[in-house]
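Engineer: The structure's right below; bear with me while I get my questions together.
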Amino acid sequence: MNLIALGEALRDRKEKPYRLEQAKQAYYVSLGTSWEDVTSWSKQLREEVAAIIPWDTMTCNQVQESAQGDTIKFLLTCTDGSKIESVIMRHKGDRNTVCISCQVGCPMACAFCATGKMGLTRNLTADEIVEQVIVAARWLQERDAKVTNVVYMGMGEPMNNYEEVMKSVRLLNDPKTFALGVRHISISTCGIVPGILKLADDPLRVNLAISLHAGTDETRSKIMPVNKAYPIKKLLQAVDTYLEKTNRKVLLEYLMLRGINDTREEAKALAKLVQHKKHLYHVNVIKYHDTGVFTHTEEDGRVQFVEWLREEGVQVTHRRTFGEDISAACGQLATESRKAKS
Ligand code: SF4
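Sequence positions in the sequence shown follow my numbering and run 445 to 786.
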């Protein structure tokens, strides 16, 4: 829903401000699917607004479910024809995490990432970002389930679209709209230092995750061009500032690439990077999902890497894989129209 256009339409009609709140309630809380669902409005107002503002700003073209049923991927088309993807990961128990996109494509060109091959088309608006959560919430509601967590780990680099991303966080967190606690919202960055410093000063204390994927600059520069502008030392200095200001634990994401970053030396270098604040860093070891560039480290290699880190006293987990069979796993998101070009 385009809230700015809706606010203007209601002001033009000299409607009271609470009319906007009623529409927000129908959209974000009741998860209505059309203007007909704003039952607190008159029929005339519903029809007038429906004629000029679409209920949703995106249409859902495809829903794919993994064979295990624990991952659901949505292909969404924006009003300008841009396509994006978002994913629900259904954990054991009642936890349902939605992984959302913040840009159409991404300019950061990380070598292991399918989105990175697309280049950047444009930033998404806060409304478009939030709408991905709404689409997921409607899907879950039909199955008596709810969105419990949101991660900005889909297509795009959140720090390159900081204002709209934070606007979307405020919308998701607003008690009058989606009411999702900030502790259930995570933003992941490839390491844009100014964005991390801005987040450190933001009163909204969302979780921060860093796509690190290496223990040395030599390795990281080979797989992540961003490392030239923000090498590991500069990056972790910014993360330390974030830690000092927030005292919140930071997640370091580590995709395992065979023969590239899975050696004992790399594990030792990684442990050394975090040794000054071991209690505030947590490493997440992740299987690399095929995007046609590298080979993944086999499970025993990943388990060994985790062991090496544990021996060094690093807090670490070996993350479970979701949705590899429907190209919905970490690093695999890319809309088909662009995949064909890459
Ligand atoms: S990993 Fe993230 S920052 Fe890197 S290219 Fe992919 S979407 Fe962009």
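Note that the Cβ used here is the ideal one computed from N, Cα and C, for glycine as well.
Note that the coordinates shown come from a computational prediction; the quantities given were computed from them, not determined experimentally.
Grouping DSSP H, G and I as helix and E and B as strand, with all else coil, what is residue 742?
Structural biologist: Working through the sequence shown from its first residue, we reach residue 742 at position 298. Three-state result, residue 742: coil.
Engineer: So if I measure from each beta-carbon to every heavy atom of the ligand SF4 and keep distances below 5 Å, which residues remain?
Structural biologist: Listed along the chain, these residues meet the criterion: 550, 552, 554, 557, 559, 560, 601 and 634.
Engineer: Excluding five sequence neighbours on each side, which residues of the same chain lie with their C-beta closer than 6 Å to the C-beta of residue 504?
Structural biologist: Looking up residue 504 in the sequence shown gives position 60. For residue 504, where only same-chain residues beyond five positions count, the Cβ hits under 6 Å are 518, 520 and 579.
Engineer: Does the distance from the CB of residue 560 to the CB of residue 603 come in under 8 Å?
Structural biologist: Residue 560 sits at position 116 when you count from the first residue of the sequence shown. Residue 603 sits at position 159 when you count from the first residue of the sequence shown. Going by C-beta atoms, residue 560 is not nearer than 8 Å to residue 603.
Engineer: Please give me, in chain order, every unbroken run of the beta strand (DSSP E) with length at least 3 that falls completely inside the stretch 619-689.
Structural biologist: Counting whole runs of 3 or more residues, the stretch 619-689 contains the beta strand (DSSP E) stretches 629-633 and 651-655.
Engineer: Taking the Cβ atom as the reference point for each residue, do residue 792 and residue 698 lie within a distance shorter than 8 Å?
Structural biologist: The chain is shown only over 445 to 786; residue 792 falls outside these bounds and no answer can be derived.
Engineer: To the nearest angstrom, report how far apart residue 459 and residue 610 are at their CA atoms.
Structural biologist: Your numbering for residue 459 matches position 15 in the sequence shown. Your numbering for residue 610 matches position 166 in the sequence shown. Taking the straight line joining both Cα atoms gives about 28 Å.
Engineer: Could you give the distance in angstroms between the alpha-carbon of residue 461 and the alpha-carbon of residue 693?
Structural biologist: Here the question's residue 461 lines up with position 17 in the sequence shown. Here the question's residue 693 lines up with position 249 in the sequence shown. Going by the C-alpha atoms only, they are around 40 Å apart.
Engineer: Report the residue ranges of all alpha helix (DSSP H) runs contained in full by the stretch 470-501; include only those spanning at least 4 residues, in chain order.
Structural biologist: The stretch 470-501 contains these whole alpha helix (DSSP H) runs: 487-496.
Engineer: Of all the options 539, 654, 747 and 522, which has the alpha carbon lying nearest to the alpha carbon of residue 514?
Structural biologist: Reading the sequence shown from its first residue, position 70 is the one you call residue 514. The shortest Cα separation from residue 514 among 539, 654, 747 and 522 belongs to 539.
Engineer: Going by DSSP, what residue range makes up the beta strand (DSSP E) through residue 697?
Structural biologist: Looking up residue 697 in the sequence shown gives position 253. Per DSSP, residue 697 belongs to the beta strand (DSSP E) from 694-700.
Engineer: Taking the Cβ atom as the reference point for each residue, do residue 701 and residue 556 lie within a distance shorter than 8 Å?
Structural biologist: In the sequence shown, counting from the first residue as 1, residue 701 sits at position 257. In the sequence shown, counting from the first residue as 1, residue 556 sits at position 112. Going by C-beta atoms, residue 701 is nearer than 8 Å to residue 556.
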